[in-house]
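Chemist: Chains as they are written, first to last, in the UniProt record's numbering: chain A, 1 to 264; chain B, 1 to 359. This is the structure I have questions about; it appears just below.
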Amino acid sequence: MSGLRAVDISAGYRGRPVLRAVDAEVPAGGWLGVIGPNGAGKSTLLKTLAGLLPHEGTVTVDGTSIDGLRPRQRARVLGYAPQTPEPPTGLTVTDYVLLGRSPYLPPLGREGRSDLRVVAEVLARLDLAGMATRPLATLSGGERQRAVLARVLAQQPRVLLLDEPTTGLDVGHAQALLELVDRLRREDGVTVVTTLHDLTLAAQYADRLVFLVDGAVTASGAPGEVLTQARVAEHYQASVAVLTSDGSRIVAPVRHAGPRPAPG
Amino acid sequence: MPLTVRSGRDSPAGPAPAGAPRATRLRVRHLALALALLLAVTLLSVLLGAADLGWQRVVGELVAQVTGGTSPLSEREAAILWQLRVPRVVLACLVGAALAVSGAAFQGVFRNPLADPYLLGAAAGAGLAATIVVAAAPGTLDWVIGPLQLAAFCGALSGVVLSWVLGRTAGHGTGTLILAGVAVSAFLTAGQTFVQQLNTDSLRQIYSWVLGGLTTTGWREVLLVLPYVVAASSVLCLCARLLDVLGVGDEEATALGVRPGRVRLAVLLAASLATAAAVSAAGLIGFVGIVVPHLVRLLVAGSYRVVVPLSLVGGAIFLAAADMIARTAMSPAQLPIGVVTAFAGAPFFVLVLRTRGRA
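Rendered as structure tokens:
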């Protein structure tokens, strides 16, 4: 199958298992959203798919297993942005995005013209060309998230693994960033996997959702099937209303009058 | 997956398009300026000294050496110049370059702006190990590859690794590593004092060496230090891009196809070697590794492709100038050079600390 496929994934940190027998699948050019309450293992799943954690089970991209790949080869297939990236101080936007060319360079090599050209294209597409020479530290939150995305795109990967790409962004900037990712997906056919806190945004942008609870998949499928009021209320221990607008789910918090019912 | 070009501005086969981003690289003019400054400082340092040879006559000697003319200096004066003063200036340059470049390397590897061979326990580790060799096997100090160099290298590496491990167990903050380094340094320096007390006959000699000294210098020390500094600096210059990659953190560096553990090991070995060479020639000289890389960052750029090579030249400038001040400020008495670098470096350290606190 083309696209990304993870079968029977178990992983964790130093003897503390987090994921238990997780299956996830997204066709090439698709968008898989990973949702679930805090601590469910969303970020762990993304790190595992990126090859950053030892794991059991198999991950394949376009039918090829990536588990045996060397780091540089894997970095040409998978681009990963963590939830809270730590952009190094002192680098300009160009220097930072240029780091994304590392998978194509020998360890002690240096970038050539073609690498700079790739960076120029990425900066232009992400409207960062005007701030190419600015130090990373001077960017706003939204601009910095775009710079991180630019660095991942400079890897020219087939799969984008983005952990909470809208962290710290207001709703407008969050929408703009997700629209951008969606455009890249449609134009380039790149496969996208994101974790998303905001269930409404997850339902609007992803075409498949995986709902993780305590490290295991509790539901997966189209957003309309996965996001039911009962399921969200139970696993997030939240009072919500799940509405439908323009065919997309909207998950809205509801506050009951009087004292809140005890969770559970 | 090819990236589609959105606008027609880029020509796929031609040179980089107009308005293409420029990567931060070491520019020829920055390097030329730094080398010119280095030349000026070393020349000035050669002209000035405790023995008053007269700067015009030193210039006359230099010109005579180049043109083959007759020198205004007597044979004894020429010997002072060529056997004492010039090698001392050269040694100051080498030691300064080694300390500054290893400071930059430690900062990159630990992602910590305050890292420095002096504060991380590297210098103290090398100092303790070297003191033990000086006390136990004084006959071996002339060997190019001998117990002194080996011990200093192992001492430097152990000091850094100990600070790092202790810092990791206590937390991940910028200050934690430095606090651990200060504790390790204090412990190792105490060990060094203890070894000295056991060998009071050589105490005086070791004491001046601990404060940082370039006093007992001829070409011998230069030749003992040079190969190590050249080897370590070459490795560090080659690893400069990888230090930029490490700046994004180990996880992201791994996702970019780089193996952070290997890079860190190579850089730590090279930086410890440079520190050990500097310490075994000139004792403990602090703050060079903090001041110089940060000045480069402030004045030129923050990428390690620029910081590493310019720290080499800048360290040489800084320590040659500090040595000149140490020799001439209270002439004919000499200040320990570590005093001069601390006077300049400690306020600078506070400055860096304050800017980091605000960021």
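Every residue, glycine too, gets a C-beta built ideally from N, C-alpha and C. All of these numbers come straight from a predicted model, not from anything done at the bench.
I need the DSSP call for D23(A), collapsed to helix, strand or coil.
Modeler: Numbered from 1 along the first sequence, position 23 holds the residue referred to as residue 23(A). The answer is strand: DSSP assigns D23(A) an E or B state.
Chemist: What residue from L99(B), V245(B), G345(B) and T193(B) has the CA that sits closest to G108(B)'s CA?
Modeler: For the purposes of this step, residue 108(B) is taken as residue 108 along the second sequence, with counting starting at 1. Nearest option by C-alpha distance: V245(B).
Chemist: At the level of alpha carbons, what is the spacing between residue 265(A) and G130(A)?
Modeler: In the structure as shown, chain A starts at 1 and stops at 264, and residue 265(A) therefore has no counterpart that could be examined.
Chemist: What are the boundary residues of the alpha helix (DSSP H) that includes W164(B)?
Modeler: Numbered from its first residue, the second sequence carries residue 164(B) at position 164. Here the alpha helix (DSSP H) through W164(B) covers P147 to A170.
Chemist: Got a sec, what are the start and stop residues for the alpha helix (DSSP H) E225(A) sits in?
Modeler: Indexing the first sequence from 1 puts residue 225(A) at position 225. Note, E225(A): alpha helix (DSSP H), P223 to V226.
Chemist: Answer with yes or no whether the minimum CB distance from S102(A) to chain B is below 7 Å.
Modeler: Residue mapping note: residue 102(A) aligns to position 102 of the first sequence, counting from 1. Interface residue, yes.
Chemist: Which bits of chain B does G141(A) rub up against, with CB to CB less than 9 Å?
Modeler: Here residue 141(A) refers to the residue found at position 141 when the first sequence is read from its first residue. Result: empty, since nearest Cβ-Cβ is about 15 Å, beyond 9 Å.
Chemist: Taking 7 Å as the CB-CB limit, is T24(B) close to chain A?
Modeler: To locate residue 24(B), count along the second sequence from 1; it is residue 24. Interface residue, yes.
Chemist: Tell me the residue span of the alpha helix (DSSP H) that contains I290(B).
Modeler: To locate residue 290(B), count along the second sequence from 1; it is residue 290. Counting along the chain, the alpha helix (DSSP H) containing I290(B) begins and ends at V288 to L299.
Chemist: Would you say A81(A) and V152(A) are within 7 Å of each other, going by their C-beta atoms?
Modeler: Translated into the one-based positions of the first sequence, residue 81(A) becomes position 81. Translated into the one-based positions of the first sequence, residue 152(A) becomes position 152. Yes.
Chemist: Kindly indicate the opening and closing residues of the alpha helix (DSSP H) around E86(A).
Modeler: Indexing the first sequence from 1 puts residue 86(A) at position 86. E86(A) -> no alpha helix (DSSP H), and no H or E assigned at all.
Chemist: Pull up the CB-CB distance for G229(B) and A97(B), whole angstroms please, since I reckon it's below 8 Å.
Modeler: Position 229 of the second sequence, counting from 1, holds the residue named residue 229(B). Position 97 of the second sequence, counting from 1, holds the residue named residue 97(B). A quick correction: the sequence has Val, not Gly, at residue 229(B). Right, their Cβ atoms sit about 6 Å apart.
Chemist: Rounded to the nearest angstrom, what separates R22(B) and V93(A) at their Cα positions?
Modeler: Along the second sequence, read from residue 1 onward, the residue named residue 22(B) stands at position 22. Along the first sequence, read from residue 1 onward, the residue named residue 93(A) stands at position 93. Computed Cα separation, rounded: 10 Å.
Chemist: Are the stretch 198-206 of chain A and the stretch 33-48 of chain A touching, with three or more C-beta to C-beta distances below 8 Å?
Modeler: As far as the Cβ criterion goes, the stretch 198-206 of chain A touches the stretch 33-48 of chain A, which means the pair count is three or higher.
Chemist: How would you write the range of the alpha helix (DSSP H) that W219(B) sits in, first residue to last?
Modeler: Position 219 of the second sequence, counted from the first residue, corresponds to residue 219(B). Looking at the DSSP string, the run of the alpha helix (DSSP H) that includes W219(B) is W219 to L238.
Chemist: For R183(A), which residues in chain B fall below 7 Å Cβ to Cβ?
Modeler: On the first sequence, position 183 is the one that residue 183(A) refers to. Result: empty, since nearest Cβ-Cβ is about 10 Å, beyond 7 Å.
Chemist: Could you tell me whether the stretch 149-160 of chain B touches the stretch 113-130 of chain B, using the rule of 3 or more Cβ pairs below 8 Å?
Modeler: Segments in contact, yes.
Chemist: Using 8 Å for Cβ pairs, my map puts P165(A) next to V77(A). What's the rounded Cβ distance?
Modeler: The residue you call residue 165(A) lines up with position 165 of the first sequence. The residue you call residue 77(A) lines up with position 77 of the first sequence. Their Cβ separation, rounded to whole angstroms, is 19 Å, which puts P165(A) and V77(A) out of contact at 8 Å.
Chemist: At a CB distance below 9 Å, what residues from the stretch 79-95 of chain A approach chain B? Give them in sequence order.
Modeler: Of all residues in the stretch 79-95 of chain A, G79, Y80, A81, P82, P85, E86, P87, P88, T89, G90, L91, T92, V93, T94 and D95 have a Cβ within less than 9 Å of some Cβ in chain B.
Chemist: With the cut-off set at 7 Å, would you say I337(B) and A321(B) are in Cβ contact?
Modeler: Numbered from 1 along the second sequence, position 337 holds the residue referred to as residue 337(B). Numbered from 1 along the second sequence, position 321 holds the residue referred to as residue 321(B). No; because the gap between Cβ atoms is not below 7 Å, this pair is not in contact.
Chemist: Can you list the alpha helix (DSSP H) stretches of 4 or more residues lying completely in the stretch 300-333 of chain B, in chain order?
Modeler: 304-328, all fully within the stretch 300-333 of chain B.
Chemist: Using a Cβ-Cβ cut-off of 6 Å (strictly less than) and excluding sequence neighbours within five positions of R72(A), which residues of its own chain qualify?
Modeler: Residue mapping note: residue 72(A) aligns to position 72 of the first sequence, counting from 1. Excluding positions up to five away in sequence, the list reads P103.
Chemist: Taking the continuous beta strand (DSSP E) assigned at H55(A), which residues delimit it?
Modeler: Locating residue 55(A) in the first sequence gives position 55, counting from the first residue. H55 to V61 is the span of the beta strand (DSSP E), which, as asked, contains H55(A).
Chemist: Is S140(A) helix, strand or coil when you go by DSSP?
Modeler: Reading the first sequence from its first residue, position 140 is the one you call residue 140(A). Coil.
Chemist: Whole angstroms is fine: what's the gap from A255(B)'s alpha carbon to L243(A)'s?
Modeler: Sequence index remark: in the second sequence, residue 255(B) carries index 255 (1-based). Sequence index remark: in the first sequence, residue 243(A) carries index 243 (1-based). Those two C-alpha atoms are separated by around 38 Å.
Chemist: Is the Cβ-Cβ distance between V296(B) and A270(B) less than 7 Å?
Modeler: Mapped onto the second sequence, residue 296(B) falls at position 296. Mapped onto the second sequence, residue 270(B) falls at position 270. Not closer than 7 Å, so no.
Chemist: Hey, does P260(B) have any beta-carbon neighbour from chain A nearer than 7 Å?
Modeler: Here the question's residue 260(B) lines up with position 260 in the second sequence. Not one chain A Cβ lies under 7 Å of P260(B).
Chemist: With a threshold of 6 Å on Cβ separation, who are the neighbours of S185(B) within its own chain once the five nearest residues in sequence on each side are excluded?
Modeler: Taking the second sequence and counting its residues from 1, the one referred to as residue 185(B) is at position 185. These residues qualify, in order along the chain: G121 and A124.
Chemist: For chain A, check one thing: does any of its Cβ atoms lie closer than 7 Å to the Cβ of residue 365(B)?
Modeler: This structure gives no information on residue 365(B), because the portion of chain B shown stretches from 1 to 359.
Chemist: According to DSSP, simplified to helix, strand and coil, what is R208(A)?
Modeler: By 1-based counting over the first sequence, the position of residue 208(A) is 208. The answer is strand: DSSP assigns R208(A) an E or B state.
Chemist: So, are the CB atoms of V222(B) and V90(B) less than 7 Å apart?
Modeler: Reading the second sequence from its first residue, position 222 is the one you call residue 222(B). Reading the second sequence from its first residue, position 90 is the one you call residue 90(B). Yes, Cβ-Cβ distance for V222(B) and V90(B) is below 7 Å.
Chemist: Check whether the Cβ of L108(A) sits closer than 6 Å to any heavy atom of the ligand GTP, and report yes or no.
Modeler: Within the structure as shown, the ligand GTP is missing, as the structure has no ligands at all.
Chemist: Name the two residues that bound the continuous beta strand (DSSP E) containing D116(B).
Modeler: As a working note, residue 116(B) is residue 116 in the second sequence. D116(B) -> no beta strand (DSSP E), and no H or E assigned at all.
Chemist: Hey, is G314(B)'s beta-carbon within less than 7 Å of any beta-carbon in chain A?
Modeler: In the second sequence, counting from the first residue as 1, residue 314(B) sits at position 314. No, its Cβ sits nowhere closer than 7 Å to a Cβ of chain A.
Chemist: Considering Cα atoms alone, identify which of P107(A), T60(A), Y96(A) and G141(A) is closest to V122(A).
Modeler: Mapped onto the first sequence, residue 122(A) falls at position 122. That would be Y96(A), whose Cα lies nearest to the Cα of V122(A).
Chemist: Could you please tell me which residues of the stretch 9-43 of chain A, in chain order, have their CB closer than 7 Å to any CB of chain B?
Modeler: Residues passing the 7 Å Cβ filter: none.
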